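What follows is a single structure, written as structure tokens, with notes after it.
Number of protein chains: 2
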Amino acid sequence: MTQRGQGMAADIAEQPAGYARLLEGAPAAAITAAAAAVAERRPRHVMFVGRGTSDHAALYAAYLTEIRLGIPAGLASPSAITLYGARPDLSDALVIGVSQSGGSPDLTGVLSVARESGALTLAVTNNPGSPLAEAAELSVDVAAGHERAVAATKTYTAELMALLLLIEGIRAGDGVLPADERAAIEKLPQLAEEVLADGGAEELARRYRFASRMVTTGRGYAYPTARETALKLMETSYLPALAFSGADLLHGPLAMTDPDVPVLAVVGSGPGGQAMTEVVNRLGERRAEVVTVGAADVPGAAGRLAVPSVDERYAPLLDILPLQKLALALALARGEDPDAPRGLKKVTTTL
Amino acid sequence: MTQRGQGMAADIAEQPAGYARLLEGAPAAAITAAAAAVAERRPRHVMFVGRGTSDHAALYAAYLTEIRLGIPAGLASPSAITLYGARPDLSDALVIGVSQSGGSPDLTGVLSVARESGALTLAVTNNPGSPLAEAAELSVDVAAGHERAVAATKTYTAELMALLLLIEGIRAGDGVLPADERAAIEKLPQLAEEVLADGGAEELARRYRFASRMVTTGRGYAYPTARETALKLMETSYLPALAFSGADLLHGPLAMTDPDVPVLAVVGSGPGGQAMTEVVNRLGERRAEVVTVGAADVPGAAGRLAVPSVDERYAPLLDILPLQKLALALALARGEDPDAPRGLKKVTTTL
Numbered sequence: 001m002t003q004r005g006q007g008m009a010a011d012i013a014e015q016p017a018g019y020a021r022l023l024e025g026a027p028a029a030a031i032t033a034a035a036a037a038v039a040e041r042r043p044r045h046v047m048f049v050g051r052g053t054s055d056h057a058a059l060y061a062a063y064l065t066e067i068r069l070g071i072p073a074g075l076a077s078p079s080a081i082t083l084y085g086a087r088p089d090l091s092d093a094l095v096i097g098v099s100q101s102g103g104s105p106d107l108t109g110v111l112s113v114a115r116e117s118g119a120l121t122l123a124v125t126n127n128p129g130s131p132l133a134e135a136a137e138l139s140v141d142v143a144a145g146h147e148r149a150v151a152a153t154k155t156y157t158a159e160l161m162a163l164l165l166l167i168e169g170i171r172a173g174d175g176v177l178p179a180d181e182r183a184a185i186e187k188l189p190q191l192a193e194e195v196l197a198d199g200g201a202e203e204l205a206r207r208y209r210f211a212s213r214m215v216t217t218g219r220g221y222a223y224p225t226a227r228e229t230a231l232k233l234m235e236t237s238y239l240p241a242l243a244f245s246g247a248d249l250l251h252g253p254l255a256m257t258d259p260d261v262p263v264l265a266v267v268g269s270g271p272g273g274q275a276m277t278e279v280v281n282r283l284g285e286r287r288a289e290v291v292t293v294g295a296a297d298v299p300g301a302a303g304r305l306a307v308p309s310v311d312e313r314y315a316p317l318l319d320i321l322p323l324q325k326l327a328l329a330l331a332l333a334r335g336e337d338p339d340a341p342r343g344l345k346k347v348t349t350t351l
Numbered sequence: 352m353t354q355r356g357q358g359m360a361a362d363i364a365e366q367p368a369g370y371a372r373l374l375e376g377a378p379a380a381a382i383t384a385a386a387a388a389v390a391e392r393r394p395r396h397v398m399f400v401g402r403g404t405s406d407h408a409a410l411y412a413a414y415l416t417e418i419r420l421g422i423p424a425g426l427a428s429p430s431a432i433t434l435y436g437a438r439p440d441l442s443d444a445l446v447i448g449v450s451q452s453g454g455s456p457d458l459t460g461v462l463s464v465a466r467e468s469g470a471l472t473l474a475v476t477n478n479p480g481s482p483l484a485e486a487a488e489l490s491v492d493v494a495a496g497h498e499r500a501v502a503a504t505k506t507y508t509a510e511l512m513a514l515l516l517l518i519e520g521i522r523a524g525d526g527v528l529p530a531d532e533r534a535a536i537e538k539l540p541q542l543a544e545e546v547l548a549d550g551g552a553e554e555l556a557r558r559y560r561f562a563s564r565m566v567t568t569g570r571g572y573a574y575p576t577a578r579e580t581a582l583k584l585m586e587t588s589y590l591p592a593l594a595f596s597g598a599d600l601l602h603g604p605l606a607m608t609d610p611d612v613p614v615l616a617v618v619g620s621g622p623g624g625q626a627m628t629e630v631v632n633r634l635g636e637r638r639a640e641v642v643t644v645g646a647a648d649v650p651g652a653a654g655r656l657a658v659p660s661v662d663e664r665y666a667p668l669l670d671i672l673p674l675q676k677l678a679l680a681l682a683l684a685r686g687e688d689p690d691a692p693r694g695l696k697k698v699t700t701t702l
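As given, the protein sequences belong to chains A and B, one line each in that order. Under the working numbering, the first residue of the first sequence is numbered 1, with each subsequent residue one higher. Under the working numbering, the first residue of the second sequence is numbered 352, with each subsequent residue one higher.
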């Protein structure tokens, strides 16, 4: 009999190796080839589809696509196509389906329809033999290996890494990263090891053992991290966690925060982090307990999960790591089994 | 001294008249002209930007655009452009900014950048003299009049109606709705009156006076209603409310539901509603208390806010009405002032 949470802990620990794996050999070559094929086709816009954790990876990739490639990108709602029979003309589009299992019928349906309508289609999945990969013209294997826990951790960050390499490869034109870009990305496995070695998350879990709910927030590249953190807390600790973009939080939902609701604010060292400063200040005025996560040290925060400073476009691959550890430690502290949460299935079968 | 909640109650009551107003005279003529101008330009894809309540109206419009026009549509993150300086090539795109005040600098920034890059730009706002309307090439006035309460109600539904008329007008080609379409939409003011006359929402508010949180859910056209309901509950009652697409709820977050957490499920009489049946059944297995909202009568639900059966694409204009009343009644029952919630500003000033 294994110990509770051992699977999730092992998955989390494997992430630095997962990053390194995508930088060499067959996985790297496949991403390079896919990037070159996309660059040659010059899509006019990019549509991402994903659900749950993979939707957050897709959101990250949408920011990258707009900022790094100058190509408009958006997240699609599968149900327009799968429930209502929409047949949008996607002949100028690149449609990217993101799914760890590759087994979700609605995403496969969207990619099939998109391919029929002339779109270039690409699957990003941890299962290269899956229906999603079969349905798409191009396929990228995130090569994260078998995930032990039901809650996704290493498949999420492998999706982030694969999408980062893909999009920077498209930017390069031939799929081959420029030397400075490659050098910056090659540092991520080691940086990820350092982040995982820190014990701050476990300490924080003791503090929030009896929290009844949490708020997570971030802007720009950090917003997917806020959303993924909230989902992870809900999946493993059944803790209601509301994720807001920092901009949206300043409207209505700020009113809901009070000293009883811990706020996890992802604050990097670039434009997104700077924009979060006002959010953290406003939260402070409401006497909310704010813990910042990331490279920026914000005065007035009650605590911090520090992460080394990197360009904000790489930060999502580091910032999520202590937050996954927090979700794991909090679940264990609350007597839950994060490896097999109630009500959670690995493969989505919604149409 | 006015009574608490009187402003919000008056705003809610005005919605049927607001629907009728957009069907005649100058507001209708302006929508027809904008629709014809869009149809002539034949955009290859549509990007929506909005925040908070207006983001939910934009989400509704994105479904309409894909399903009714066969044009790919997505929601953009303003921060890619406004924080990170992304300059996506939008020369094939229609970019629609949705904002009741038209005063949000980030949306105005996105529309300005989009227009410079060759996009057709359109503002949908309750303030035709606003910076957003000035920045856009085309502008539609939702003509809802002054909103008394800080929480948006009648401006939300006026945005829905304006976007519905706009998109059906684009579908027609010349902006003029076909007779059957117009006849169906013309019934909405009267149906809205009937929905508002029902007292079910006030009764439900008594039942949920002491609920500590809520979940809202819907699929397809009903998903924006679920999101807007959650925001309204948070803004006026400070009640943590988590909104999920029915498909996403079946994954992890389902585990969080239990008999103590009321679930408001928006279930219409079309494909979205049918897909929700499994969701309601699964919630029942978890002994969640499910109240359905909409045209479908689902066996096993603990309660229902019934709404007349219309095509699902019109349902968002009716389904939200009892839910706004629920938010108002719940705020009053909890001793809050829904007209002036703490921490809520009418105009967003985030960059």
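By construction, the Cβ of each residue, glycine as well, lies at the ideal position given by its N, Cα and C atoms. Source: prediction; values computed, not measured.
Quick check on residue i: does DSSP put it in helix, strand or coil?
| i | result |
| --- | --- |
| Arg455(B) | First, the amino acid is wrong: residue 455(B) is Ser here, not Arg. Ser455(B): coil per DSSP, three-state reduction. |
| Ser117(A) | coil |
| Ser490(B) | strand |
| Ser99(A) | strand |
| Gly218(A) | strand |
| Thr153(A) | coil |
| Val546(B) | helix |
| Ala124(A) | Checking the displayed sequence, the identity of residue 124(A) turns out to be Val instead of Ala. Val124(A) falls in the strand class under three-state DSSP. |
| Ala144(A) | coil |
| Ala691(B) | coil |
| Met352(B) | Bear in mind that a pLDDT of 49 at Met352(B), under 50, signals an unreliable position, so the model cannot answer this. |
| Tyr19(A) | helix |
| Leu177(A) | coil |
| Ala444(B) | strand |
| Tyr574(B) | helix |
Report yes if the C-beta of residue i is less than 8 Å from at least one heavy atom of the ligand MG; otherwise report no.
| i | result |
| --- | --- |
| Gln675(B) | What this structure holds is no ligand at all, so the ligand MG is not there to describe. |
Label residue i either buried or exposed according to how many other C-beta atoms from any shown protein chain fall within 10 Å of its C-beta, with 16 as the threshold for buried.
| i | result |
| --- | --- |
| Gly569(B) | buried |
| Ala427(B) | buried |
| Pro378(B) | buried |
| His146(A) | exposed |
| Lys232(A) | buried |
| Phe210(A) | exposed |
| Glu228(A) | buried |
| Gly520(B) | buried |
| Met1(A) | Caution is warranted here: a pLDDT of 49 is assigned to Met1(A), below 50, making its placement in the model unreliable, and the coordinate value is therefore given only provisionally. The residue is exposed, with fewer than 16 neighbouring Cβ atoms inside 10 Å. |
| Ala592(B) | buried |
| Arg42(A) | exposed |
For a contact defined as C-beta to C-beta under 7 Å, what are the partners of residue i on chain A?
| i | result |
| --- | --- |
| Ile418(B) | Ala80, Tyr84 and Ala86 |
| Met512(B) | By Cβ distance, chain A contributes nothing, its closest Cβ being about 20 Å from Met512(B), past 7 Å. |
| Met398(B) | Pro72 and Gly74 |
Note down, in chain order, every chain B residue with its Cβ under 7 Å from the Cβ of residue i.
| i | result |
| --- | --- |
| Arg342(A) | Ala606 |
| Tyr208(A) | Neighbours of Tyr208(A) on chain B: none; closest Cβ ~16 Å, over 7 Å. |
| Pro271(A) | Leu434 and Tyr435 |
Listing by chain order, which chain A residues have their CB less than 9 Å from the CB of residue i?
| i | result |
| --- | --- |
| Thr457(B) | Here residue 457(B) is Asp; the residue named in the question, Thr, does not match the sequence. Within chain A, the residues near Asp457(B) are Ala247. |
| Ala413(B) | Gly74, Ala76, Ser77 and Ala80 |
Check the Cβ of residue i against every Cβ in chain A and list those closer than 8 Å, keeping chain order.
| i | result |
| --- | --- |
| Asp627(B) | The sequence given here places Met at residue 627(B); Asp does not occur at that position. In chain order: nothing, as chain A lies at least about 10 Å away. |
Anything in chain B within Cβ reach of residue i, meaning under 8 Å, just list it in chain order.
| i | result |
| --- | --- |
| Gly220(A) | Ser428, Ser430, Ala431, Leu434 and Tyr435 |
| Gly268(A) | By Cβ distance, chain B contributes nothing, its closest Cβ being about 11 Å from Gly268(A), past 8 Å. |
| Arg213(A) | Arg564 and Pro591 |
Quick one: which chain B residues come within Cβ less than 9 Å of residue i?
| i | result |
| --- | --- |
| Ala93(A) | Arg395, His396 and Pro423 |
Is the segment 276-284 of chain A touching the segment 148-157 of chain A in the sense that three or more CB pairs, one from each, lie closer than 8 Å? no
Going residue by residue through the segment 590-667 of chain B, where are the continuous beta strand (DSSP E) segments of at least 3 residues, counting only ones entirely within it? 592-596, 614-617, 641-645 and 654-657
Where are the alpha helix (DSSP H) runs, 4 residues long or more, that stay fully inside the segment 392-442 of chain B, in chain order? 404-415 and 429-433
Cβ contact check for the segment 583-602 of chain B and the segment 650-666 of chain B: 3 or more pairs under 8 Å: no
Assess contact between the segment 477-489 of chain B and the segment 437-454 of chain B, defined as three or more Cβ pairs (one per stretch) separated by less than 8 Å. Is contact present? yes
Decide yes or no for the touch test of the segment 580-594 of chain B against the segment 671-680 of chain B: beta carbon pairs closer than 8 Å, at least 3 of them. yes
Would the segment 45-52 of chain A count as touching the segment 64-74 of chain A if we require 3 or more Cβ pairs under 8 Å? yes
Pairing CB atoms from the segment 467-474 of chain B with CB atoms from the segment 412-421 of chain B, are three or more of them under 8 Å? no
May I ask you to verify whether the segment 11-18 of chain A touches the segment 185-199 of chain A, counting CB pairs closer than 8 Å and requiring at least 3? yes
Pairing CB atoms from the segment 173-182 of chain A with CB atoms from the segment 51-64 of chain A, are three or more of them under 8 Å? no
Touch test, the segment 432-439 of chain B against the segment 267-275 of chain A, Cβ-Cβ under 8 Å, three pairs minimum: yes
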